[in-house]
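K.L.:
Per our numbering, the very first residue in the sequence shown carries number 3; after that it's consecutive.
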Amino acid sequence: MRVLLHACCAPCMTYPYRKLAEKHEVDAFWYNPNIQPYREYLRRLYAIRKYAKNEGINLIENLEYPLEEWLLIASKLSMKSNVLRCRYCYATRLKKTAHYAKENGYDAYTTTLLLAPYQKHELIREIGENIARMMHIKFLYIDFRDHFDEAERMAKEAGIYRQGYCGCVFSEADRYWRNAP
Ligand code: SF4
3 MRVLLHACCA
13 PCMTYPYRKL
23 AEKHEVDAFW
33 YNPNIQPYRE
43 YLRRLYAIRK
53 YAKNEGINLI
63 ENLEYPLEEW
73 LLIASKLSMK
83 SNVLRCRYCY
93 ATRLKKTAHY
103 AKENGYDAYT
113 TTLLLAPYQK
123 HELIREIGEN
133 IARMMHIKFL
143 YIDFRDHFDE
153 AERMAKEAGI
163 YRQGYCGCVF
173 SEADRYWRNA
183 P
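Below is the structure:
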């Protein structure tokens with residue numbers, strides 16, 4: 003199958019790409035306007051470009067960065083619940099990926115978000131499958147979580163930047179402010 007892999011960052015792309023490429027023709031897709039602030043966004047973008055180049059991965063980049071819109075919606079949702087905020091975040095990224103996949107003749111799409119145990123795994127699956135139904139494309143669901151440590155090892159070996167928080171300013175605050183020692 004031709005598969006479009008939404009890639010949230012280089013470290014999370016390592017194992018899922020390798021696994022998928024054993025059976026499929028895979029391209030990676032970057033669309034992550036949830037990463038803030040912008041210098042952090044660039045740092046992760048440069049890391050994934052470098053990794054893709056070194057590994058011979060075709061990386062398709064959507065560099066749209068609708069900061070005001072994203073923050074406006076996400077902050078309203080965040081005041082109600084983190085789950086609603088993350089639902090919005092996952093849905094925007096997966097919709098863009100599915101749309102590109104559909105427009106460009108891929109058989110299926112999936113996401114590296116299915117790797118990290120700290121992500122809301124079942125929610126990602128639900129959103130991915132709902133979008134797939136709406137857009138008449140397959141969502142290739144694979145639970146990569148058991149291979150998170152392997153992905154970390156691969157990222158360390160590749161010497162790529164590994165971030166300390168999920169992406170948005172809210173997750174940065176949770177990591178370095180609210181849960182600070
Ligand atoms: S915590 Fe992560 S998944 Fe949730 S809204 Fe922030 S960047 Fe998106």
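Glycine included, each C-beta is placed from N, C-alpha and C at the ideal position. Just so you know, these numbers come straight off a predicted model, no measurement behind them.
Hey, would you say Phe146 sits closer than 9 Å to Arg127, going by beta carbons?
P.N.:
As a position in the sequence shown, residue 146 is number 144, starting the count at 1. As a position in the sequence shown, residue 127 is number 125, starting the count at 1. No, these two residues do not count as a Cβ contact at 9 Å.
K.L.:
Buried or exposed, going by whether 16 or more other CB atoms sit within 10 Å of the CB of His138?
P.N.:
Working through the sequence shown from its first residue, we reach residue 138 at position 136. Under this definition His138 is an exposed residue.
K.L.:
Use the C-beta contact count for Ala49: other C-beta atoms within 10 angstroms, 16 or more gives buried, fewer gives exposed.
P.N.:
Taking the first residue of the sequence shown as position 1, residue 49 is located at position 47. Buried: at least 16 other Cβ atoms inside 10 Å.
K.L.:
Is the closest heavy atom of ligand 1 to the C-beta of Gly130 under 8 Å?
P.N.:
In the sequence shown, the residue the question calls residue 130 occupies position 128. No, ligand 1 has no heavy atom inside 8 Å of this Cβ.
K.L.:
Using 8 Å as the cut-off, classify the Cβ of Tyr90 as near or not near the heavy atoms of ligand 1, replying yes or no.
P.N.:
Numbered from its first residue, the sequence shown carries residue 90 at position 88. Because some heavy atom of ligand 1 lies under 8 Å away, the Cβ of Tyr90 counts as near it: yes.
K.L.:
DSSP puts Asp29 in a beta bridge; with which residues?
P.N.:
Translated into the one-based positions of the sequence shown, residue 29 becomes position 27. Paired residues: Leu6.
K.L.:
Is Phe172 a contact residue of ligand 1, with contact defined as CB to any heavy atom under 8 Å?
P.N.:
Counted from its first residue, the sequence shown places residue 172 at position 170. Under cutoff, so the answer is yes.
K.L.:
When you measure from the CB of Gly166 to every non-hydrogen atom of ligand 1, does any distance come out below 8 Å?
P.N.:
Locating residue 166 in the sequence shown gives position 164, counting from the first residue. The answer is no for Gly166.
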